[in-house]
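Engineer: Have a look at this one.
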Amino acid sequence: MSIRDWPAAERPREKLLEQGALALSDAELLAIFLRTGVAGLSAVDLARQLLSDFGGLRPLLEADLPGFSARLGLGPAKYAQLQAVLEMGRRHLAETLRRESALESPQAVRDYLKARLRHEPHEVFGCLFLDSKHRVLAYESLFHGSIDGASVYPRQVVKRALAHNAAALILTHNHPSGVAEPSQADRLLTQQLKSALALVEVRVLDHFIVGDGEPLSLAEHGWL
Numbered sequence: 086m087s088i089r090d091w092p093a094a095e096r097p098r099e100k101l102l103e104q105g106a107l108a109l110s111d112a113e114l115l116a117i118f119l120r121t122g123v124a125g126l127s128a129v130d131l132a133r134q135l136l137s138d139f140g141g142l143r144p145l146l147e148a149d150l151p152g153f154s155a156r157l158g159l160g161p162a163k164y165a166q167l168q169a170v171l172e173m174g175r176r177h178l179a180e181t182l183r184r185e186s187a188l189e190s191p192q193a194v195r196d197y198l199k200a201r202l203r204h205e206p207h208e209v210f211g212c213l214f215l216d217s218k219h220r221v222l223a224y225e226s227l228f229h230g231s232i233d234g235a236s237v238y239p240r241q242v243v244k245r246a247l248a249h250n251a252a253a254l255i256l257t258h259n260h261p262s263g264v265a266e267p268s269q270a271d272r273l274l275t276q277q278l279k280s281a282l283a284l285v286e287v288r289v290l291d292h293f294i295v296g297d298g299e300p301l302s303l304a305e306h307g308w309l
């Protein structure tokens, strides 16, 4: 049966307009993105099949082009559309964060860093550069490493902080394993960077580690 033959209240698009996006399942949201199904499968059926094949929404969203294009009815055009949607989401979070003080919007900081780093297959270290009122000036991914770690150079962090005329910053990196618990090396690096940046009067406000759940704040745990 085509989706057009379903009761209006059960059609994903109509359901979203009536009840809001939160009321939809992953398959229903994906069906709206797909718009059409393939032979023998409605858009919702195709969405369910894709979620099953990929193992969930997150692996689907993080798939590379070859992996994405290997699935039923999907190709470069759909992949490009999906990447555009994801990037719009990241930029929306960035704009939301720039309008407020980072210290007054801890959840906005967490949401933005998750969007930037959680999908990375290897370790990435970055900084949120802040002005004197703790508003975001810029985000930069500074170092990329293997799945086991990244080499971080304090001199480069200081250089970029000065280039942005930052008064403070928030450090961040991801753990590709999904476990956000800081290692001893993470805590030592945080102290090294804090000391180096203090020499040029730039404060380190926090260091967030991004894993599968909510990013972990070293400041909240008294490790800064």
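Each residue of the sequence shown is one higher than the one before, starting from 86 at the first, in the numbering used here.
C-beta atoms are modelled at their ideal positions from N, C-alpha and C, and glycine is treated no differently.
1) Under the DSSP definition of a beta bridge, which residues are partnered with HIS258?
2) Looking at LEU254 and VAL289, is the spacing between their C-beta atoms short of 8 Å?
3) Could you work out which residue in ALA179, LEU222 and ALA283 is closest to ALA251 when comparing CA atoms only?
4) Can you tell me whether LEU247 is buried or exposed, with buried defined as 16 or more other CB within 10 angstroms of its CB?
5) Following the continuous alpha helix (DSSP H) through SER137, name the residue where it begins and the one where it ends.
6) Just tell me which of ASP149, PRO97, ARG272 and VAL129 has its CA closest to the CA of LEU303.
7) Taking the alpha-carbon of GLU225 as reference, which of PHE214, PRO300 and ALA235 has the nearest alpha-carbon?
8) Could you give the distance in angstroms between the alpha-carbon of LEU135 and the alpha-carbon of SER280?
9) Could you please give me the residues that DSSP links to VAL221 through a beta bridge?
10) Just grab the DSSP bridge partners of LEU247 for me.
11) Decide yes or no for the touch test of the region 257–274 against the region 188–203: beta carbon pairs closer than 8 Å, at least 3 of them.
Structural biologist: Reading it off the structure:
1) Paired residues: PHE210 and ILE294.
2) With a cutoff of 8 Å on beta-carbon distance, VAL289 and LEU254 are scored as near each other.
3) Considering only alpha carbons, the answer is LEU222.
4) Label assigned to LEU247: exposed.
5) Residues 128–139.
6) Nearest C-alpha to LEU303 among ASP149, PRO97, ARG272 and VAL129: ARG272.
7) Here the closest residue by C-alpha is PHE214.
8) So the alpha carbons of these two residues sit roughly 49 Å apart.
9) Looking at the DSSP assignment, VAL221 forms a beta bridge with LEU215.
10) Answer by DSSP bridge pairing: none, since LEU247 is not bridged.
11) Yes, since at least three Cβ pairs between the region 257–274 and the region 188–203 fall closer than 8 Å, the two stretches touch.
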